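Worksheet for the structure shown next.
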Amino acid sequence: MRFHLFGKADHPPIVLLHGGGLSWWSWQPIVDGLQDQYRLIVPTLDGHDDDGDTTFRSIADSAAQCLAYLDANYGGSVYAIAGLSIGAQIVVEMLARRQKLARYAIIESALVYPLAGSGLMAALTPLFYGLIQNKRIARKQAQVLQIPDSLFERYYASSVRMTCQSLANITRSNGHFPLPASISETQANVLIVVGGAELGIMKRSASRLHEAIPSSTLRVFPGWKHGAASLAHPDIYLQMVRTLRDSPVIPKI
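UniProt numbering numbers the first residue of the sequence shown as 1 and each following residue consecutively.
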């Protein structure tokens, strides 16, 4: 795991964890909008982009690495932490392990129910792994992931660096992430975000997280797909971060 830092060191620290198949650069619009006020800690997860040579192991391992980094550099706690998809699952794991990790958290599209077929997909990864090298298929996948056209080349370059083993482990981890019971003990004010056009299991996951975390607010964005908040609507996401200190309510659109 590699850590990219933006903003002044004495500003309130915020951790941003990207989704599977992406990298730190997927947060660039958010970084641009926040680095004047916050210290932004933006990891590249194992198996991705500039850390493609390191095999992604699991959500638990990623959470442990991130916590160790925060312990060594920020006294073990931050102002806020946010994540998308598998990055959001890592956020959930970190919050569950440490009650006082952050004052605020944003969990976008975190799956907390078993995804049927994900184990089989992980086992069959060697059969379709070559498809990620196909630029036409990668472009279609980028559209599904709400990646702006301006970031496609970076996405494709990151995709071809991912090893077969990392892809299999990501698929397995994402589809078999059990909700930690201790998440209910987090002291963070948590915003749970999901798109209204996402799969039903994603919306059920968001509702379950909301029920499990007493200090949480749930917002469903009608018509939005997976990852749309942070990737396709950065202006709304920036509003969300900037209003955390005032109210745990996502601004209306």
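Here a beta-carbon is modelled for each residue, glycine too, at the ideal position from N, C-alpha and C. This one's a predicted model, so the numbers in the text were calculated from it and none came from an experiment.
Check: Residue from 193, 212 and 208 whose Cα sits closest to the Cα of residue 231; Outcome: 193
Check: Beta-carbon proximity check, residue 190 vs residue 107, cutoff 8 Å; Outcome: yes
Check: Reference residue 161; option with closest CA among 147, 83 and 131; Outcome: 131
Check: Those runs of the alpha helix (DSSP H) which lie wholly inside the segment 65-107 and span at least 4 residues; Outcome: 86-97
Check: Extent of the continuous alpha helix (DSSP H) to which residue 241 belongs; Outcome: 234-242
Check: Segment contact flag, the segment 163-173 with the segment 47-65, C-beta cutoff 8 Å, min 3 pairs; Outcome: yes
Check: Collapsed DSSP secondary structure at residue 54 in the structure displayed; Outcome: coil
Check: Start and end residues, alpha helix (DSSP H) containing residue 200; Outcome: 200-212
Check: Segment contact flag, the segment 43-50 with the segment 17-34, C-beta cutoff 8 Å, min 3 pairs; Outcome: yes
Check: Close beta carbons around residue 201, own chain, < 8 Å, minus the five adjacent residues each side; Outcome: 111, 113 and 115
Check: Integer Cβ distance of residue 182 from residue 123, believed to fall under 8 Å; Outcome: With 8 Å as the limit, residue 182 and residue 123 do not qualify as a contact, their Cβ atoms being about 30 Å apart.
Check: Minimum length 3: unbroken beta strand (DSSP E) runs contained in the segment 172-199; Outcome: 189-195
Check: Same chain, Cβ closer than 7 Å to residue 237, neighbours up to 5 away in sequence not counted; Outcome: 30, 229 and 230
Check: Contact under 8 Å by Cβ, residue 78 with residue 14; Outcome: yes
Check: Buried versus exposed, by CB contacts within 10 Å (16 or more), residue 166; Outcome: buried
Check: Close Cβ partners of residue 245 (< 6 Å) along its chain, the five nearest in sequence each way excluded; Outcome: none
Check: Cutoff 8 Å; reference residue 66; Cβ partners in own chain excluding five residues on either side; Outcome: 1, 15, 17, 43, 90 and 94
Check: Spatially closest choice to residue 199 from 239, 213, 144 and 188, by CA coordinates; Outcome: 144
Check: Where the beta strand (DSSP E) containing residue 41 begins and where it ends; Outcome: 39-44
Check: Neighbourhood of residue 251 by C-beta distance below 8 Å, restricted to the same chain and skipping five residues each side; Outcome: The predicted position of residue 251 is uncertain, since its pLDDT is 40 and thus under 50; a value taken from the coordinates is nonetheless stated next. Cβ neighbours of residue 251 beyond the five flanking positions: 236, 239, 240 and 243.
Check: C-alpha gap between residue 104 and residue 121, whole angstroms; Outcome: 34 Å
Check: Whole-Å CB distance - residue 109 paired with residue 88, under 8 Å assumed; Outcome: 6 Å
Check: Beta-carbon separation (whole angstroms), residue 41 vs residue 84, contact threshold 8 Å; Outcome: Not really, about 15 Å apart at Cβ, beyond 8 Å.
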